[in-house]
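One structure is given here, and the rest of the page talks about it.
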Amino acid sequence: MVFSSNVFLLYFLPIFLAIYFITPRKFRNYTLLLASFIFYAYGAPEFVVQLILSNVANFYLVKYMFKAEKAITKKILCGISIAISIGLLFYYKYGNFTMLNLNAILGVFHHEPIEWIKILLPIGISFFSFQSVTYTLDTYRGINEPMKRLSDYMLYITMFPQLVAGPIIRYCDIADQIRERESLMTDRLHGFYRFVLGLAKKILIADVIGFQVDKILGPSNYDVLSAAQIQEIADKIAVIDSTTAWIVILAFTFQIYFDFAGYSDMAIGLGRMLGFRFPENFDNPYVSTSISEFWRRWHQTFSVFIKNYLYFPLGGSRVKTEARKYFNLWFCFLVSGLWHGASWNFVVYGALQGIFICADKLFLVKWMNKLGRIPSVIFTFAIIVLTRCFFRIERIDLSWAFLKRLFAFDFTPLHFADNPHFYTTMIVAAIFSFITMTKFGLKWQDKVYFTEYNSKQHIAAFVLSILGFIFCLGALNATGFSPFIYFRF
Amino acid sequence: MKNKVLYTILFSLLLAFLFLPMIQEHLKVFKTKPLNGVNYVTEFPELTLESFSKNKFQGTLEKYISENFGFREFVIRLYNQYVWTCFNKTYSHFLVPGKGNWLFYTEAVNDYYGTEQYKHFKDAEIAKEEFDKNVKMMCQLRNILKEYDIEFLSFMAPSKPLVYPEFLPDRIKDTTTINAVEYYDKALTEAGFPNIEMTKWFRTMRDTLPYPIFPNMDMHWQFTSVYGYDSLFRFMNSLNDFGIPKIKYGKPYPIDDEIQNDEKTLNLMFPIKEKNTDYKLDVEIECDENCRKPKVLFVSDSFIWALDKHFPWEELMSDVEIWFYNSSVFKGFDRKSYKKKDINMLRDILRADYVVFFTSGHQWYRATYNFVEEALLALCVSDDMMKSEAARIADSLNISNDEALKKIKKQPYLIEGISNHDTPIIRNEKEIRIAQIINDSIEKDADWVKALNIQTAMQDKNIEEIFKIEAQNIIDNKTLLKDSTPLDEELLFEAEVKNLVTRWKANSEMMEFLSNKAKEKGMPLEQVIIDDARWVLREEAKKKNK
Numbered sequence: 000m001v002f003s004s005n006v007f008l009l010y011f012l013p014i015f016l017a018i019y020f021i022t023p024r025k026f027r028n029y030t031l032l033l034a035s036f037i038f039y040a041y042g043a044p045e046f047v048v049q050l051i052l053s054n055v056a057n058f059y060l061v062k063y064m065f066k067a068e069k070a071i072t073k074k075i076l077c078g079i080s081i082a083i084s085i086g087l088l089f090y091y092k093y094g095n096f097t098m099l100n101l102n103a104i105l106g107v108f109h110h111e112p113i114e115w116i117k118i119l120l121p122i123g124i125s126f127f128s129f130q131s132v133t134y135t136l137d138t139y140r141g142i143n144e145p146m147k148r149l150s151d152y153m154l155y156i157t158m159f160p161q162l163v164a165g166p167i168i169r170y171c172d173i174a175d176q177i178r179e180r181e182s183l184m185t186d187r188l189h190g191f192y193r194f195v196l197g198l199a200k201k202i203l204i205a206d207v208i209g210f211q212v213d214k215i216l217g218p219s220n221y222d223v224l225s226a227a228q229i230q231e232i233a234d235k236i237a238v239i240d241s242t243t244a245w246i247v248i249l250a251f252t253f254q255i256y257f258d259f260a261g262y263s264d265m266a267i268g269l270g271r272m273l274g275f276r277f278p279e280n281f282d283n284p285y286v287s288t289s290i291s292e293f294w295r296r297w298h299q300t301f302s303v304f305i306k307n308y309l310y311f312p313l314g315g316s317r318v319k320t321e322a323r324k325y326f327n328l329w330f331c332f333l334v335s336g337l338w339h340g341a342s343w344n345f346v347v348y349g350a351l352q353g354i355f356i357c358a359d360k361l362f363l364v365k366w367m368n369k370l371g372r373i374p375s376v377i378f379t380f381a382i383i384v385l386t387r388c389f390f391r392i393e394r395i396d397l398s399w400a401f402l403k404r405l406f407a408f409d410f411t412p413l414h415f416a417d418n419p420h421f422y423t424t425m426i427v428a429a430i431f432s433f434i435t436m437t438k439f440g441l442k443w444q445d446k447v448y449f450t451e452y453n454s455k456q457h458i459a460a461f462v463l464s465i466l467g468f469i470f471c472l473g474a475l476n477a478t479g480f481s482p483f484i485y486f487r488f
Numbered sequence: 000m001k002n003k004v005l006y007t008i009l010f011s012l013l014l015a016f017l018f019l020p021m022i023q024e025h026l027k028v029f030k031t032k033p034l035n036g037v038n039y040v041t042e043f044p045e046l047t048l049e050s051f052s053k054n055k056f057q058g059t060l061e062k063y064i065s066e067n068f069g070f071r072e073f074v075i076r077l078y079n080q081y082v083w084t085c086f087n088k089t090y091s092h093f094l095v096p097g098k099g100n101w102l103f104y105t106e107a108v109n110d111y112y113g114t115e116q117y118k119h120f121k122d123a124e125i126a127k128e129e130f131d132k133n134v135k136m137m138c139q140l141r142n143i144l145k146e147y148d149i150e151f152l153s154f155m156a157p158s159k160p161l162v163y164p165e166f167l168p169d170r171i172k173d174t175t176t177i178n179a180v181e182y183y184d185k186a187l188t189e190a191g192f193p194n195i196e197m198t199k200w201f202r203t204m205r206d207t208l209p210y211p212i213f214p215n216m217d218m219h220w221q222f223t224s225v226y227g228y229d230s231l232f233r234f235m236n237s238l239n240d241f242g243i244p245k246i247k248y249g250k251p252y253p254i255d256d257e258i259q260n261d262e263k264t265l266n267l268m269f270p271i272k273e274k275n276t277d278y279k280l281d282v283e284i285e286c287d288e289n290c291r292k293p294k295v296l297f298v299s300d301s302f303i304w305a306l307d308k309h310f311p312w313e314e315l316m317s318d319v320e321i322w323f324y325n326s327s328v329f330k331g332f333d334r335k336s337y338k339k340k341d342i343n344m345l346r347d348i349l350r351a352d353y354v355v356f357f358t359s360g361h362q363w364y365r366a367t368y369n370f371v372e373e374a375l376l377a378l379c380v381s382d383d384m385m386k387s388e389a390a391r392i393a394d395s396l397n398i399s400n401d402e403a404l405k406k407i408k409k410q411p412y413l414i415e416g417i418s419n420h421d422t423p424i425i426r427n428e429k430e431i432r433i434a435q436i437i438n439d440s441i442e443k444d445a446d447w448v449k450a451l452n453i454q455t456a457m458q459d460k461n462i463e464e465i466f467k468i469e470a471q472n473i474i475d476n477k478t479l480l481k482d483s484t485p486l487d488e489e490l491l492f493e494a495e496v497k498n499l500v501t502r503w504k505a506n507s508e509m510m511e512f513l514s515n516k517a518k519e520k521g522m523p524l525e526q527v528i529i530d531d532a533r534w535v536l537r538e539e540a541k542k543k544n545k
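Protein chains in written order, with numbering that gives the first Met the number 0: chain A, 0 to 488; chain B, 0 to 545.
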C-alpha cells in the first residue's frame, strides 16, 4: 500500500487510527503489528509468508546467539542471521542482475546461457533487510538486549510507517520505544501536520515535476519497458536540446528530493502519531558545501547504517595505509550505489560518489573552503545534478548520451508560458531546497518542524493541515496515481 | 489543562474529518453536483484469494475508491480551480486552454503546431505513403459505388485553431511534419475525388462577420455549421442533380440558451463567465414538387452533431445514418444506436444515396477510420474468397489464418483484384444481391418486417440475420418466413423489446444510466433493462395511438 493512495488516505488511515487509539495501551503493539501485515500484504501478498518466516528465523537465531556463551557460537549464529537477511536481499535484488551478466559473459565464450526465471522484487526488502542486520549486530555487539517477544521483534521490522521505504531505524534507537512509549495529544497532532507536509511535498511538488521528467526520460523503472519503449527514450534523448536537458535533470534532482523527503516526513509523522520518534532522514541536503556533507544530510539513516555496519567493520579510517582508507570510503559508496538498484548505472553512480568523496578528503573541501559558502554550494549541487543522470537513466549508454546533450551547448530560449505550473513548482522546490541557507529559512524550519506549538499555533497548523489534506486529495484524484520512487529500492 | 482539552478536541475533530469521506461515500449525507465529462464506472472488486494474490483486487479497489469516495467532486473541483486560476491549466485530457479564456481541442492544437503526425506516423514519408494509399482507395470505392448510383464524397470540417490561431497557447511549430488536411485536400482534388475543405472559407469569413464563428468555450462549430452544411448539400446536389431540398437561413441572432458546454468539462469550482454570446440561425428547408430527400450515410467525427442541433434534418433528408468514427452506429433521426458489428454494413451502404466521409482537420490523420478498407472488402470479396485469400497469405507469410485475415482487413490491397485496378474487378455478388433484396423488397413491406421481427424472438437471432435468411429463401425459391409467421401482437412486442435491449446494450451512456438505476433500486441490471424497454415501447405505442 502506498501512503499517497486513496485506499490508504481514505480507509486504512482513519480505520487504523480509530482502532489503535481505542485499543488498550498494552495491546496497541498487536494492533499495529496486525495493521502492518495488512499494509504489507495489500501491496505484496506473495511475500508475506517469506517475511514472517525470515523474521521468525532471525528472532530465534539472535535469541540463541545472545544466550550462547562461547564466542565462536555467537559468531556463527550472528553470521547465519546476517546471511539470511543479506542472502534474501541478494537473491531477490541482485539475482536477475547477476544471471544477466553471467549469461552475457557465457555468451562471449559461446556457451549456452543458464536458464533463469526472472524474480520479482519484494517491496521494501532493502529497508527491512538492513533493519534486521542492525538488530543482529547491535545485539551481537552488546549495545542492546534482544527482544523478549517475537511480536515486538516483528513490529520493529514490519511497522508500516517505515516498512517499505525507511527511515532505516537502528534497533538501538527504537528498542525502548517498542516496549514502552507515550503518545501525547500534541504528538498525535504534530504527527499529522508532518504527515500532511510530506504528502504535499510528494503530491504537489514531486509529482508535478516528475510528470514532465517522465515525458522525456520515461518511467523511473526501465525494467518494465520493452525494447521499443527504450528506443523511444533513446530517440528523444538524441534530439533533446541543452536547455531542455538541463531542465529535465534539474527537475529530477528536485523531484527525487521532494518525493523521498516527502515519504520520510509521512513516515516520521505517522510514527509520531503513534508515539514513536523516528530519526530524521533529510537535513536540507542541497545546501551542502561538499559531497561528504551532502551524504551526511541526504538519506541520513542509510548513511549511518553504511558507516556503522560497513565502513567501520572494513576498518574505517583506522587502517594502515592511506590507499586502504580511500578504498574503504570508495567501496562503501559503490555498495550504496548498488543498493539503489541492480544495474550498472547505479554502480557507476555509486562509484562516482565515492570518487568525489575521496576527492573531498584529498583536496576538494580545502578548495571549497577557500571559495566560500555560496560557490561551494553551487559546485556541490552541480555535481549532484550531473551524477543524477546515472541515477535516473537506467542505461549507461543513454545516461552518457544525455550527459553529452547537457554539454552540447545548443541552448534554446526558455518559455515559462509553455508550462507555468511546472516552472512555478520548480521555483517553489528551489526555494524550499535552498531557503535554509538564510537565517530566516533556518528559523522557520525550526518553528515548523522542531518546536512545540502553543494552542494558537496548533489551531493554525490544524486548519492548514486539513486544507492541505483536502488539496492533496484533489491533486491525487485530478491527476492520477503515482507511486514513490524509493519504493522499488 | 485547558490546552489538553483543546488538543483532545482537535484530535477528535481530526479523526472525524478523516472519516467524513467514508461516511459521505456510503450514506450520501450531502448532495454533490456530479462531475461533467466521461465518468468511468468501476464495479466493486470481488475479493478472492486469487484476485488478492495477483494484486487485481487491490488495483480495482483503488480505482473504485478514486471514482466513488465522498466529496470527490468537491476536492477535484477545488484542485482544478487552483490549476486553472494560477496556471491556466486543465487536467481535462482533450482540452487545451488558449489565451483569453479560449478552449481548444488538444489534438487540433497539436495539428496546428505540426506534432499530431507523430501520434500516427513515425515520419512524413510514411504518412504520405499512407495518405496516398487512402486517396487511391477512396477513388476506387467511389467508382464502385457509382455503379449503384451512390455518390461517395468527403467533407473537411473547419479546424478552430486554424481559424483563430491568435488565441492558441504559444508553442514552437514543427515544420518537418506533414499536415493531413492540406495533403488530402490537394491529393483528392488532383485525383478528381469530390471533396470540400471548410477551414479556408471559415478563415476568410471570420474577418467579415461581426460575431465569432467558433464559440470560445467549445471545441465544435455551432450556428456557423449551417453555412457548412448548406455548402455540403449544395455540393452533393451538384454531383448528380439529385434534387436535394434547398436550405434557406436568416441572419444569426443572439440567444440566452447555453449551447457551448466544453467549459463544463473543466469541472471548476467557479464556472467561467466570460463566454461568447451564443447565436442561432433560423433555418428553413424549401422543397418543391421536383425535390427529393436523399438518404445519407455519414462516416464522421463529432462535428456531425451540429446537423442535428441546428437543422430540421428530417425535412432535408429522407433517412440518415451516422457511423461515428466508423465504430458506433446511429440510425434515423431519433439516433437509434447499434454496435457496428450488429449491422449489415453492405446493406446500409447500398441503401444510401450519398456516403459522406465527414471529419474535422486533425482527424484526417486517422482517415478513414478503416471505413474505406471495410467497404471495399464488403463490396468486392465474398466470404469464400476471403477464406482462400487468407489461407494463401498465411501460407506465403508463414502466419496463422487469423492473423492473415486481420492483415487483409487492414490492407485490402493484399488481394490482387482490388489492388491493381482503378476500379476493382471483383464483386461480392451474392451478398450484394441479398442486400438489394432486403433493401428493395423486404424492408419496404411493413408486415414483412413485422413478421421477421417476430422471427428474431422465435429463432433467437438478430434482425439482420433473419433478413439474410429470408433473402436467401427468395433466391432459393423456398418458403418464406413471412408466410409461416403469425402476426401476433404479443410476440411482436416481445421481439421489439428484445431488439431494443440489444440496442441499449450497444450504447454505453444508456448502460451507465441503467446500471446506476439498477444500483439505486437494488435490482438486477438485466431486469431493469427489460422493464425499461417494455415501458418505453408501451409509451411509444400509446403516443402512436393518440
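For glycine and all other residues, C-beta sits at the position ideal for the given N, C-alpha and C. From a predicted model like this one, the values you see are computed outputs, not experimental measurements.
- request: Going by CA-CA distance only, name the one from B/Ser327, B/His309, B/Gly331, B/Asn325 that's closest to B/Ser317.
  value: B/Gly331
message: Using C-beta distances below 8 Å, list every residue in its chain close to B/Tyr364, excluding the 5 sequence neighbours before and after it, in chain order.
response: Asp110, Glu115, Gln116, Lys118, His119, Phe120, Ala126, Ala179
query: For B/Asp477, does the three-state DSSP call read helix, strand or coil?
result: At residue 477 of chain B the sequence reads Lys, which differs from the Asp that was named. Residue state, collapsed to three classes: coil.
query: Whose C-alpha, out of B/Glu372, B/Gly97, B/Ser52, is nearest the C-alpha of A/Asp417?
result: B/Gly97
field: Partners in chain A for B/Thr264, counting only beta-carbon separations shorter than 9 Å
entry: Under the 9 Å cutoff, chain A gives no residues; its nearest Cβ is about 13 Å from B/Thr264.
Three or more C-beta pairs below 8 Å linking the region 322-332 of chain A and the region 257-271 of chain A: no
query: Under a three-way DSSP split, which group does A/Leu475 fall into?
result: helix
- prompt: Hey, out of A/Ser3, A/Phe401, A/Ile458, whose CA is closest to A/Lys200's CA?
  reply: A/Ser3
field: Among B/Glu469, B/Phe357, B/Tyr228, nearest to B/Thr478 - alpha-carbon criterion
entry: B/Glu469
- prompt: Cβ atoms of B/Leu48 and B/Phe56: under 7 Å apart, would you say?
  reply: no
- request: Following the continuous alpha helix (DSSP H) through B/Ser327, name the residue where it begins and the one where it ends.
  value: Where B/Ser327 is concerned, there is no enclosing alpha helix (DSSP H), although the beta strand (DSSP E) it sits in stretches over 327-330.
query: Looking only at C-alpha atoms, which of B/Lys409, B/Pro423, B/Gln410 sits nearest to B/Leu378?
result: B/Pro423
message: Spatial neighbours of B/Pro44 within its chain, please: C-beta separation below 6 Å, excluding the five flanking residues on both sides.
response: Phe56, Thr59, Leu60
query: Under a Cβ-count criterion, where at least 16 other Cβ atoms within 10 Å of its own Cβ denotes burial, should B/Thr367 be classed as buried or exposed?
result: buried
Cβ of B/Thr7 within 7 Å of any chain A Cβ: yes
query: Taking the alpha-carbon positions, what's the B/Asp300 to B/His92 distance?
result: 18 Å
task: For B/Ser11, decide whether its Cβ has a neighbour in chain A, counting only Cβ atoms nearer than 7 Å.
output: no
- prompt: Between the region 440-468 of chain A and chain B, which residues of the former have a C-beta closer than 7 Å to a C-beta of the latter?
  reply: Ser454, His457, Phe461, Ile465
message: Would the region 197-213 of chain B count as touching the region 129-145 of chain B if we require 3 or more Cβ pairs under 8 Å?
response: no
message: By the three-class DSSP mapping on this structure, what secondary structure does B/Ile246 have?
response: strand
message: Quick check: what's the CA-CA separation for A/Pro482 versus A/Leu183?
response: With a pLDDT of 43 at A/Pro482, under the threshold of 50, the modelled position of this residue cannot be trusted; read the value that follows with caution. So the alpha carbons of these two residues sit roughly 31 Å apart.
task: List the residues that DSSP assigns as beta-bridge partners of B/Pro96.
output: B/Leu102
task: Examine the Cβ distances between the region 11-18 of chain B and the region 7-15 of chain A and report whether three or more of them are shorter than 8 Å.
output: yes
Sequence-distant residues of its chain with Cβ nearer than 7 Å to A/Val207 (five each side left out): His420, Phe421, Thr424
message: Beta carbons nearer than 8 Å to chain A: which residues of the region 50-62 of chain B have them?
response: Phe51, Ser52, Asn54, Gln57, Leu60, Glu61
query: Thinking C-alpha only, which one of B/Lys405, B/Val298, B/Ile433, B/Glu150 is nearest B/Asp475?
result: B/Ile433
message: Check this for me: beta carbons of B/Tyr228 and B/Leu306, under 7 Å apart or not?
response: yes
- prompt: Which residues, in order along the region 4-15 of chain A, keep a beta-carbon less than 7 Å from a beta-carbon of chain B?
  reply: Ser4, Asn5, Val6, Leu9, Tyr10, Leu12, Pro13
query: Nearest chain B C-beta to A/Ala474 closer than 7 Å, yes or no?
result: yes
- request: Could you tell me which residues DSSP pairs with B/Phe154 in its beta bridges?
  value: B/Ile195, B/Phe357
query: What residue ranges within the region 459-505 of chain B form continuous beta strand (DSSP E) runs of no fewer than 3 residues, ordered along the chain?
result: none
query: So with Cβ pairs under 7 Å, would you call B/Tyr182 a contact of chain A?
result: no
message: Against A/Glu292, what residues of chain B qualify as contacts under a CB-to-CB distance less than 9 Å, listed in chain order?
response: Those do not exist, as A/Glu292 stays about 35 Å from chain B at its closest Cβ, beyond 9 Å.
Coil, strand or helix - B/Tyr6 by DSSP: helix
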